[in-house]
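A.B. asks:
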Amino acid sequence: MKYILAFAITATLCLAVDPKAEPPFKVDHKAPLKATAKIVERAEGFTKYRVEFNGIEGDRVPGHLYLPKEIHGPVPAVLVQHGIGDKKHAKYIVECCRMLTARGIIALAIDAPERGERKGPDKNGPAMWNLPAVRRWFQQHCGDYSRALDYLTTRPDVDALRLGYVGFSWGAVTGITYAAHDDRVQAITSVVGGGLLNLLGKKLDPTHNVARITPRPLLFLNATKDQIVLRPFATALHKAAGKGAVVKWYETDHTFSDTDLPKIMGMLSDFMKQNLQAKDSDGK
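Per my numbering, the very first residue in the sequence shown carries number 1279; after that it's consecutive.
So this is what it looks like as structure tokens:
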């Protein structure tokens, strides 16, 4: 089995990246967003809005938008995406958004398709063994991320040239493929993400797409005791990303349960802040 796994990883790493390839998911920047926003919380360090806009498939995408307490001119904004079984108000998502706003960055967290407020009696997501359905679901995630950035760029308080993405688990897996095909994303953090060994086809696999992110800043955070995203899957993605990516391993499990969560979130928020700073007239 280990030889089959090694061969699959090697084959994945050898796949050529077509710089002119069309995104393997639907985008529509001109479609009406019909966005709404309503204040739902005034905290000490941020103001939280419940926002809503049209997704790539025409359904409504609910989200929480976190604005720093003080904003002076357009500021960077980051889309923060949860894992496969979570929602926009999961504890780690809220903590990440809070840390970003403490650094003057606007944070947006949305419910993925058929999760959170988008979940219902007939909307529980596909069975993971149904690969054609999972493939379509993956593509809808990416399309909704694109629509989320479309929304952010309409806001006068957002600097459309300083957008970032932070994804956790499935949000990292789908997010790498998404960000690889959206140059608006200027900095990316992948937390416990990995490759899929082409289970959904090479066009969607993050290992096939991640090289397109270069030279944009890319940070990987992975866990040595992860029982969901196994080390070979994570390592395959790291290798495919190239030498420019920053890789950090932690002696913990998939949920980082025995780590200092605020410290981890603070570190990745510092990475995003550093790499979303305004550039001067020379582009430096």
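Ideal placement from N, C-alpha and C gives every residue a C-beta, glycine not left out.
By the three-class DSSP mapping on this structure, what secondary structure does residue 1314 have?
C.D. replies: For the purposes of this step, residue 1314 is taken as residue 36 along the sequence shown, with counting starting at 1. Strand, per DSSP.
A.B. asks: Following the continuous beta strand (DSSP E) through residue 1415, name the residue where it begins and the one where it ends.
C.D. replies: To locate residue 1415, count along the sequence shown from 1; it is residue 137. Segment 1409-1432 is the alpha helix (DSSP H) holding residue 1415; no beta strand (DSSP E) there.
A.B. asks: In terms of alpha-carbon separation, which member of 1339, 1492, 1494 lies closest to residue 1391?
C.D. replies: Against the sequence shown, residue 1391 aligns to sequence position 113. Selected option, being the one with the closest Cα: 1339.
A.B. asks: In this structure, does DSSP put residue 1335 in helix, strand or coil?
C.D. replies: On the sequence shown, position 57 is the one that residue 1335 refers to. Coil, per DSSP.
A.B. asks: Can you give me the Cβ contacts of residue 1422 inside the same chain, cut-off strictly under 6 Å, excluding the 5 residues immediately before and after it?
C.D. replies: Here the question's residue 1422 lines up with position 144 in the sequence shown. Here the set comprises 1333, 1334, 1339.
A.B. asks: By the 10 Å Cβ neighbour count, where 16 or more other Cβ atoms means buried, how is residue 1321 classified, buried or exposed?
C.D. replies: Counted from its first residue, the sequence shown places residue 1321 at position 43. Its Cβ having fewer than 16 others within 10 Å, residue 1321 is exposed.
A.B. asks: What are the complete beta strand (DSSP E) segments, minimum 3 residues, inside the segment 1472-1503?
C.D. replies: For the segment 1472-1503, whole beta strand (DSSP E) runs of length 3 or above, ordered along the chain, are 1496-1501.
A.B. asks: Could you tell me which of 1538, 1492, 1503, 1502 sits nearest to residue 1524, measuring between CA atoms?
C.D. replies: Looking up residue 1524 in the sequence shown gives position 246. Taking only the C-alpha atoms, the option nearest residue 1524 is 1492.
A.B. asks: Taking the alpha carbon of residue 1308 as the point to measure from, which residue in 1432, 1444, 1381, 1410 has its own alpha carbon closest?
C.D. replies: Numbered from its first residue, the sequence shown carries residue 1308 at position 30. For the residues 1432, 1444, 1381, 1410, the minimum Cα distance to residue 1308 belongs to 1432.
A.B. asks: How is residue 1441 classed by DSSP in three states: helix, strand or coil?
C.D. replies: To locate residue 1441, count along the sequence shown from 1; it is residue 163. If DSSP states are grouped into helix, strand and coil, residue 1441 belongs with the strands.
A.B. asks: Helix, strand or coil for residue 1537 per DSSP?
C.D. replies: For the purposes of this step, residue 1537 is taken as the residue at position 259 of the sequence shown. Coil.
A.B. asks: Contact defined as beta carbons within less than 8 Å: I believe residue 1617 pairs with residue 1498. What is the distance between those atoms, to the nearest angstrom?
C.D. replies: Any question about residue 1617 goes unanswered here, given that the chain covers just 1279 to 1562.
A.B. asks: Please classify residue 1555 as buried or exposed, where buried requires at least 16 neighbouring CB atoms within 10 angstroms.
C.D. replies: Indexing the sequence shown from 1 puts residue 1555 at position 277. Residue 1555 should be labelled exposed.
A.B. asks: If you compare alpha carbons, which of 1450, 1438, 1470 is closest to residue 1463?
C.D. replies: Along the sequence shown, read from residue 1 onward, the residue named residue 1463 stands at position 185. Of the candidates 1450, 1438, 1470, the one whose C-alpha sits nearest the C-alpha of residue 1463 is 1438.
A.B. asks: Does the beta-carbon of residue 1330 have 16 or more other beta-carbons within 10 angstroms, so that it is buried, or is it exposed?
C.D. replies: To locate residue 1330, count along the sequence shown from 1; it is residue 52. Classification for residue 1330: buried.
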